[in-house]
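Q:
Here it is, written out as structure tokens:
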């Protein structure tokens, strides 16, 4: 209940601040969270060890981890500001799309459905808002939160400008398939195991449990998969890169095709994460469930930094 009340307070206080002031609060809150959350700090550092490489200096890894926490705080600032955001102003002044006209619009026009497949890089939810002024509505699956009223509140913020969302689950997946069969656009995440089908796949050279549901849905529905990644700019803007659609391999062996095409997406994701490791806003270790998790850096950074 306290999380729900805290969100309500944040919406009506932090949400009404100018962007620069809100991000200043995020700087302080993110740095505090870094120091006050040792378990999450270890998870972030473990992720960064894989992305940045084991040769990366500890000091650089720790500095990048602090930036991750700040960017998580910025995400929440963006979220509570959503109801008060001028969408047209955001589209004109803060958002830059790369590949929207070249890849998204032709895929939508083809009528087979589009999966914008992303990772927790930057703020994909904010980047997706810019599709509304271009006439494209998106349906997205979200992670269920507890209590349920908090989940409903957060999802209402995500959908307040016109997109549609639903928690991950049977009903949500059914809506995904329905949307795609109607030629619509669905936004899904492909970097973090929450619920649904998954497989142990090499990710930055080590096995990790990776969601395979998005690729399986694409194979079964014939939808186009567009790897979609966004990054924050130093000026407070968002650069959204909507890449060339994945060339899907279809051999008739569903299990093999799911693996092959998921690996193709992961290769694209890895390139983006290497360029912007500080913007990968995942606070849990992606490799926790994998057989080859490294304990070296998390153990070193879990103490005094």
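In UniProt numbering, the protein residues as written are 1 to 305.
Glycine included, every Cβ here is placed at the ideal spot set by N, Cα and C.
If you drop the 5 nearest sequence neighbours on each side, which residues of the same chain put their C-beta closer than 7 Å to that of residue 175?
A: As a position in the chain shown, residue 175 is number 175, starting the count at 1. So the list reads 139 and 166, once near-sequence residues are dropped.
Q: Rounded to whole angstroms, what is the Cα-Cα separation between residue 237 and residue 94?
A: Residue mapping note: residue 237 aligns to position 237 of the chain shown, counting from 1. Residue mapping note: residue 94 aligns to position 94 of the chain shown, counting from 1. About 4 Å.
Q: Going by beta-carbon coordinates alone, are residue 221 and residue 283 separated by less than 8 Å?
A: Mapped onto the chain shown, residue 221 falls at position 221. Mapped onto the chain shown, residue 283 falls at position 283. Not a contact, by the Cβ cut-off of 8 Å.
Q: Residue range of the alpha helix (DSSP H) that residue 7 falls in?
A: Counting from one through the chain shown, the residue named residue 7 turns up at place 7. Here the alpha helix (DSSP H) through residue 7 covers 2 to 12.
Q: In its own chain, which residues sit with a C-beta less than 8 Å from the C-beta of residue 107, not counting the 5 before and 5 after it?
A: Within the chain shown, the letter at position 107 stands for residue 107. Correct list, in chain order: 114, 224, 226 and 245.
Q: In chain order, which continuous runs of the beta strand (DSSP E) of length 3 or greater are located wholly inside the segment 173 to 255?
A: The segment 173 to 255 contains these whole beta strand (DSSP E) runs: 185 to 189, 198 to 203, 206 to 211, 224 to 232 and 238 to 242.
Q: Report yes if the C-beta distance between residue 16 and residue 84 is below 8 Å; otherwise report no.
A: Residue numbering aside, residue 16 sits at position 16 when the chain shown is read from its first letter. Residue numbering aside, residue 84 sits at position 84 when the chain shown is read from its first letter. Against a cut-off of 8 Å, the Cβ pair of residue 84 and residue 16 comes out as a contact.
Q: By alpha-carbon positions, which one of 216, 278 and 268 ends up nearest to residue 255?
A: For the purposes of this step, residue 255 is taken as residue 255 along the chain shown, with counting starting at 1. It is 216 whose Cα lies nearest to the Cα of residue 255.
Q: Grab me the residues of residue 153's own chain with a C-beta within less than 7 Å of its C-beta, minus the 5 sequence neighbours each way, in chain order.
A: Taking the chain shown and counting its residues from 1, the one referred to as residue 153 is at position 153. Cβ within range, chain order: 4 and 7.
Q: Rounded to the nearest angstrom, what separates residue 204 and residue 51 at their Cα positions?
A: Numbered from 1 along the chain shown, position 204 holds the residue referred to as residue 204. Numbered from 1 along the chain shown, position 51 holds the residue referred to as residue 51. Approximately 6 Å between the Cα atoms of the pair.
Q: Taking C-beta to C-beta, are residue 279 and residue 122 nearer than 8 Å?
A: Walking along the chain shown from the start, residue 279 turns up at place 279. Walking along the chain shown from the start, residue 122 turns up at place 122. It is a contact, given that the beta carbons lie within the stated cut-off.
Q: Using three-state DSSP, classify residue 159 as helix, strand or coil.
A: Walking along the chain shown from the start, residue 159 turns up at place 159. DSSP places residue 159 in coil when its eight states are reduced to three.
Q: Within a Cβ cutoff of 7 Å, which residues of the same chain sit near residue 272, ignoring the five residues on either side of it in sequence?
A: The residue labelled residue 272 in the question sits at position 272 within the chain shown. Hits under 7 Å: 121 and 229.
Q: Residue 241: buried (16+ other C-beta within 10 angstroms of its C-beta) or exposed?
A: As a working mapping, residue 241 is identified with position 241 in the chain shown. Buried, since its Cβ has 16 or more Cβ neighbours within 10 Å.
Q: Which residues in the same chain as residue 72 place their Cβ atom closer than 7 Å to its Cβ, once the five residues preceding and following it in sequence are excluded?
A: As a working mapping, residue 72 is identified with position 72 in the chain shown. Once the five neighbours on either side are set aside, the close Cβ partners of residue 72 are 30, 281 and 283.
Q: Can you tell me whether residue 53 is buried or exposed? The criterion is at least 16 other CB atoms within 10 Å of its CB, across all chains shown.
A: As a working mapping, residue 53 is identified with position 53 in the chain shown. Classification of residue 53: exposed, given that the 10 Å Cβ count is below 16.
Q: Is residue 118 helix, strand or coil when you go by DSSP?
A: Translated into positions along the chain shown, residue 118 becomes position 118. Looking at residue 118 - three-state DSSP - the assignment turns out to be strand.
Q: Could you pull out every residue in the same chain whose Cβ sits closer than 8 Å to the Cβ of residue 161, ignoring the five residues on either side in sequence?
A: Residue 161 sits at position 161 when you count from the first residue of the chain shown. Taken in chain order, the residues that qualify are 82, 85, 87, 129 and 132.
Q: Do residue 34 and residue 65 count as a contact pair if the criterion is CB distance below 8 Å?
A: Within the chain shown, residue 65 is the residue found at index 65, counting from 1. Within the chain shown, residue 34 is the residue found at index 34, counting from 1. Yes; because the gap between Cβ atoms is below 8 Å, this pair is in contact.
Q: Going by DSSP in three states, residue 272 sits in which element: helix, strand or coil?
A: Numbered from its first residue, the chain shown carries residue 272 at position 272. Residue state, collapsed to three classes: helix.
Q: Between the Cα of residue 259 and the Cα atoms of 285, 214, 286 and 270, which residue gives the shortest distance?
A: In the chain shown, counting from the first residue as 1, residue 259 sits at position 259. It is 214 whose Cα lies nearest to the Cα of residue 259.
Q: Mind reading off the beta-carbon distance from residue 190 to residue 168? Whole number of angstroms is fine, and I expect it under 8 Å.
A: Along the chain shown, one-based indexing puts residue 190 at 190. Along the chain shown, one-based indexing puts residue 168 at 168. That belief does not hold up - the Cβ atoms of residue 190 and residue 168 are roughly 13 Å apart, past 8 Å.
Q: Indicate the three-state DSSP secondary structure (helix, strand or coil) for residue 151 in the structure shown.
A: On the chain shown, residue 151 is found 151 positions in, with the first residue counted as 1. Residue 151: helix per DSSP, three-state reduction.
Q: How should residue 46 be labelled, buried or exposed, when 16 other C-beta atoms within 10 angstroms of its C-beta is the threshold for buried?
A: For the purposes of this step, residue 46 is identified with residue 46 of the chain shown, where counting begins at 1. Residue 46 should be labelled buried.
Q: Using the Cα positions of residue 185 and residue 239, report the straight-line distance between them to the nearest angstrom.
A: Within the chain shown, numbered from 1, the residue matching residue 185 stands at position 185. Within the chain shown, numbered from 1, the residue matching residue 239 stands at position 239. Roughly 20 Å separates the two Cα atoms.
Q: Suppose contacts are defined by Cβ-Cβ distances below 8 Å. Is residue 201 in contact with residue 210 by that definition?
A: Along the chain shown, one-based indexing puts residue 201 at 201. Along the chain shown, one-based indexing puts residue 210 at 210. Going by C-beta atoms, residue 201 is nearer than 8 Å to residue 210.
Q: So, with DSSP's three-state summary, where would you put residue 18?
A: Here the question's residue 18 lines up with position 18 in the chain shown. Looking at residue 18 - three-state DSSP - the assignment turns out to be coil, as it is neither helix nor strand.
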